[in-house]
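Beneath this line is the structure, given in structure tokens, with notes to follow.
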Amino acid sequence: MVGVCCAAEASFCVGAAGPIAMQLPTSIAVPEEVLEIARNLEEAGHQAWCVGGALRDALLGIPQSDFDLATSATPEEVQTLFRRTVPVGVRFGTVGVLDSRRRLHEVTTFRRDVTTDGRRAVVAYGASLEEDLARRDFTINAIAYHPIRHEWKDPHGGAIDIARRRIRAVGAPAERFREDYLRILRCARFAARLKFTVVQDTWQAAVAAAPGLTNLSAERVRDEWYKSLDTSESLERLAGLWQKIGAAAVWIPELRSPDERGAIDILQAARDREIPRDPVLLTALLCHQPAAVLTRLKASRAEINRAQSLQDAPVEPEGDDAVHVRRWLSKVDEISSDLMELWRLRHGEWPSWRSVVETIRSRGDAIRVKDLAISGEDLITLGVQPGPRLGEMLNGLLYQAIADPSLNNRETLLVLARELS
Ligand code: ATP
Ligand code: MG
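Numbering of the sequence shown is given in this note's numbering, commencing with residue 2 and proceeding in unit increments.
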């Protein structure tokens, strides 16, 4: 999707070997709907530039449809100019513009930071494109492209850093991390997703600033953790980065150590791109006490409960014969698929007993009381008093049916029940 490299503009960086020119493509493919929004803005006398992650990805050859626009128009002007808009983040200058297919495109007014406190920034409009790019986090995210004039603005040398596959803060790194500690986590996310290295001064500043991560809200950290789990090329690398940068110590001390992670297996699975991008499952894979982690990150009650079940359940049957597998299923029924997936991620292959689980399920062997061919009502008819004893009897019958599924028919179970009563 990136056009042939016959430079329209070059950015330069002075390295040990002298200046290195990074050739930017003459043009890149921008979706027609985005182009349409840009034309409207420009025709109304405003500037409209493509910015952010889509450009970075386009330069890396990764297809992207989510092109964000930065504009000199104020949010109010954007809202007046387009018929259908959504105030996605008007306070921060972002208006969502809906195209004819009702897809949302983010249009953000050029901003400059007035004050920052490590958690949030007070922004001012009336800034230039250059000022807007200067407040962005990393050089690879601070490039602008004019979709109509095919002009590039890359004042911080982002294209060279993309070509060299490295992450570098825009401006003075220590200051930039202090302004917004989330950038430390974003740094780890991009490094794990793109397999980029972090340049030394940016890395050192991130490590030094990491104790400040306590200032962030749990919700922002959770969103970033989930996004990282969703996009990392290697979960092993992500976990390692969180530990080395000092983020794990602050927010996820339960993150497993490299020995415990079964590094090779997780890496292998990542390479196969077969990882289910399920944040609860992956948190359980990477952490001891995943429920404690998700509680700290203020995840939903349902997510915390699921993590708690995964943490409490026996990870595998005691043997891979049908009886042991049925016993295990009777304990873990609802999360058996999750547990098998975790086993696969830890070991790099499915467990040998997975086929036994499938056979048991397809045969419909009893693994829960409600699968039995008789019910509590039948036992009451036999004269058993409703109460705890009734439950115990049903569990006793299930225990026998698990050992021998041929017992799970009404006649046999009634005979066994009479013996038990
Ligand atoms: P992704 O592929 O995850 O969407 P992205 O680079 O587009 O990556 P976004 O979170 O969508 O990331 O943000 C869009 C752009 O806004 C970034 O490319 C960056 O220029 C800027 N940005 C986002 N968050 C921050 C931040 N905390 N500090 C500075 N700039 C930021
Ligand atoms: Mg984005």
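Note that the Cβ used here is the ideal one computed from N, Cα and C, for glycine as well.
How many angstroms separate the CA atom of Ala303 from the CA atom of Leu399?
Here the question's residue 303 lines up with position 302 in the sequence shown. Here the question's residue 399 lines up with position 398 in the sequence shown. Taking the straight line from one Cα to the other gives about 29 Å.
Just to confirm, are Ile336 and Asp366 a CB contact at a threshold of 9 Å?
The sequence position of residue 336 within the sequence shown is 335, counting from 1. The sequence position of residue 366 within the sequence shown is 365, counting from 1. No, these two residues do not count as a Cβ contact at 9 Å.
Looking at the C-beta of Ala210, does it have a partner C-beta in chain D at a distance below 9 Å?
Included in the structure is just one protein chain, with no chain D present.
Quick one: using the 10 Å Cβ neighbour count with 16 as the cut-off for buried, is Ala240 buried or exposed?
Counting from one through the sequence shown, the residue named residue 240 turns up at place 239. Per the 10 Å Cβ criterion, buried.
Report the three-state DSSP secondary structure of Glu107 (helix, strand or coil).
As a position in the sequence shown, residue 107 is number 106, starting the count at 1. It is a strand residue.
Just to confirm, does Leu283 get its C-beta within under 8 Å of one of the non-hydrogen atoms of the ligand ATP?
Indexing the sequence shown from 1 puts residue 283 at position 282. Checking every heavy atom of the ligand ATP against the Cβ of Leu283, none is found closer than 8 Å.
Should Val171 and His157 be called a contact, given that it needs their Cβ atoms to be closer than 9 Å?
Taking the sequence shown and counting its residues from 1, the one referred to as residue 171 is at position 170. Taking the sequence shown and counting its residues from 1, the one referred to as residue 157 is at position 156. Going by C-beta atoms, Val171 is nearer than 9 Å to His157.
Give me, in chain order, the residues of the same chain whose beta-carbon lies closer than 8 Å to that of Val79; leave out the 5 immediate sequence neighbours on both sides.
Within the sequence shown, the letter at position 78 stands for residue 79. Once the five neighbours on either side are set aside, the close Cβ partners of Val79 are Leu42, Thr72, Thr86, Val96, Val98, Val108 and Thr110.
The ligand ATP heavy atoms versus the CB of Leu183: any closer than 8 Å?
Here residue 183 is taken as the residue at index 182 of the sequence shown, counted from 1. Correct: Leu183 has its Cβ closer than 8 Å to the ligand ATP.
Consult DSSP for Glu152 and reduce its assignment to one of helix, strand or coil.
Counting from 1 along the sequence shown, the entry for residue 152 is found at position 151. Residue state, collapsed to three classes: strand.
Does the distance between the C-beta of Asp69 and the nearest non-hydrogen atom of the ligand MG fall short of 8 Å?
In the sequence shown, counting from the first residue as 1, residue 69 sits at position 68. Within the cutoff, so yes.
Taking only the alpha-carbon atoms, compute the straight-line gap between Ala193 and Phe93 and give it to the nearest angstrom.
Here residue 193 corresponds to residue number 192 of the sequence shown, with the count starting at 1. Here residue 93 corresponds to residue number 92 of the sequence shown, with the count starting at 1. The alpha-carbon atoms of Ala193 and Phe93 are separated by roughly 28 Å.
The beta strand (DSSP E) spanning Leu99 covers which residue range?
Counting from 1 along the sequence shown, the entry for residue 99 is found at position 98. From DSSP, the beta strand (DSSP E) with Leu99 extends over Thr95 to Leu99.
Span of the beta strand (DSSP E) holding Val115?
Position 114 of the sequence shown, counted from the first residue, corresponds to residue 115. Val115 -> beta strand (DSSP E) spans Arg113 to Thr117.
CB of Pro212 within 9 Å of CB of Glu255, strictly:
As a working note, residue 212 is residue 211 in the sequence shown. As a working note, residue 255 is residue 254 in the sequence shown. Taking 9 Å as the Cβ cut-off, Pro212 and Glu255 do not qualify as a contacting pair.
Under 9 Å between C-beta atoms of Asp67 and Ala49
To locate residue 67, count along the sequence shown from 1; it is residue 66. To locate residue 49, count along the sequence shown from 1; it is residue 48. The answer is no: Cβ separation not under 9 Å.
Under 8 Å from any heavy atom of the ligand ATP, does the C-beta of Thr232 make it?
Counting from one through the sequence shown, the residue named residue 232 turns up at place 231. True, at least one ligand heavy atom lies under 8 Å from that Cβ.
Which residues share a DSSP beta bridge with Thr382?
Position 381 of the sequence shown, counting from 1, holds the residue named residue 382. Partner(s): none; Thr382 has no beta bridge.
Quick check: what's the CA-CA separation for Ala189 versus Ala293?
Numbered from its first residue, the sequence shown carries residue 189 at position 188. Numbered from its first residue, the sequence shown carries residue 293 at position 292. For Ala189 and Ala293, the distance between alpha carbons rounds to 22 Å.
So, helix, strand or coil for Leu82, using DSSP?
As a first step, residue 82 is located in the sequence shown; it is residue number 81 there, counting from the start. Three-state result, Leu82: helix.
Burial state of Ser422, where buried means 16 or more other Cβ atoms lie within 10 Å
Start at 1 with the first residue of the sequence shown, and residue 422 comes out as number 421. Answer is exposed; the Cβ neighbour count stays below 16.
Closest by C-alpha distance to Arg167, when choosing among Pro352, Ser229, Tyr182 and Phe191
Taking the sequence shown and counting its residues from 1, one reaches residue 167 at position 166. Comparing Cα positions, the closest option is Phe191.
For Trp153 and Ile276, what's the separation of their Cα atoms in angstroms?
Locating residue 153 in the sequence shown gives position 152, counting from the first residue. Locating residue 276 in the sequence shown gives position 275, counting from the first residue. Cα to Cα, the separation comes out at about 37 Å.
Determine which residues share a DSSP beta bridge with Ala164 and list them.
Sequence index remark: in the sequence shown, residue 164 carries index 163 (1-based). In DSSP, Ala164 forms no bridge with anything.
How far does the alpha helix (DSSP H) with Ala49 in it reach, from first residue to last?
Indexing the sequence shown from 1 puts residue 49 at position 48. Where Ala49 is concerned, there is no enclosing alpha helix (DSSP H), although the beta strand (DSSP E) it sits in stretches over Ala49 to Val52.
Is Asp322 buried or exposed, if buried means 16 or more other CB atoms sit within 10 Å of its CB?
Taking the sequence shown and counting its residues from 1, one reaches residue 322 at position 321. Looking at its Cβ environment, which holds fewer than 16 other Cβ atoms inside 10 Å, Asp322 is exposed.
Check the C-beta distance from Leu217 over to Leu195 and give it rounded, since I have them as a contact under 8 Å.
Working through the sequence shown from its first residue, we reach residue 217 at position 216. Working through the sequence shown from its first residue, we reach residue 195 at position 194. With a Cβ gap of about 23 Å, Leu217 and Leu195 do not count as contacting.
What I want to know is whether the C-beta of Gly54 ends up closer than 8 Å to one or more non-hydrogen atoms of the ligand MG.
Here residue 54 refers to the residue found at position 53 of the sequence shown. Flag set: Cβ of Gly54 near the ligand MG.
Inspect the beta-carbon positions of Val52 and Pro76 and report whether they are closer than 9 Å.
Residue 52 sits at position 51 when you count from the first residue of the sequence shown. Residue 76 sits at position 75 when you count from the first residue of the sequence shown. The answer is no: Cβ separation not under 9 Å.
Quick check on DSSP: helix, strand or coil for Pro88?
Position 87 of the sequence shown, counting from 1, holds the residue named residue 88. In this structure, Pro88 counts as strand in the three-state DSSP scheme.
Spatial neighbours of Leu242 within its chain, please: CB distance less than 7 Å, with the 5 preceding and 5 following residues excluded, ordered by chain position.
Here residue 242 is taken as the residue at index 241 of the sequence shown, counted from 1. Excluding positions up to five away in sequence, the list reads Ala189, Ala192 and Ala193.
Find the nearest neighbour of Arg113 within the set Asp100, Leu105, Arg104 and Arg137, judged by alpha-carbon distance.
Walking along the sequence shown from the start, residue 113 turns up at place 112. Of the listed residues, the one whose Cα sits closest to Arg113 is Arg137.
From the DSSP output, read off the bridge partner residues of Leu373.
Residue mapping note: residue 373 aligns to position 372 of the sequence shown, counting from 1. Its beta-bridge partners do not exist; DSSP assigns none.
Report the rounded CA-to-CA distance for Leu36 versus Ile29, giving the unit in angstroms.
Locating residue 36 in the sequence shown gives position 35, where the first residue counts as 1. Locating residue 29 in the sequence shown gives position 28, where the first residue counts as 1. Cα to Cα, the separation comes out at about 12 Å.
Within the continuous alpha helix (DSSP H) that includes Ala182, where are the two ends?
To locate residue 182, count along the sequence shown from 1; it is residue 181. The sequence given here has Tyr at residue 182, not Ala. First-last for Tyr182: undefined, no H or E at that position.
Neighbourhood of Thr215 by C-beta distance below 7 Å, restricted to the same chain and skipping five residues each side:
Within the sequence shown, the letter at position 214 stands for residue 215. Val251, listed in sequence order.
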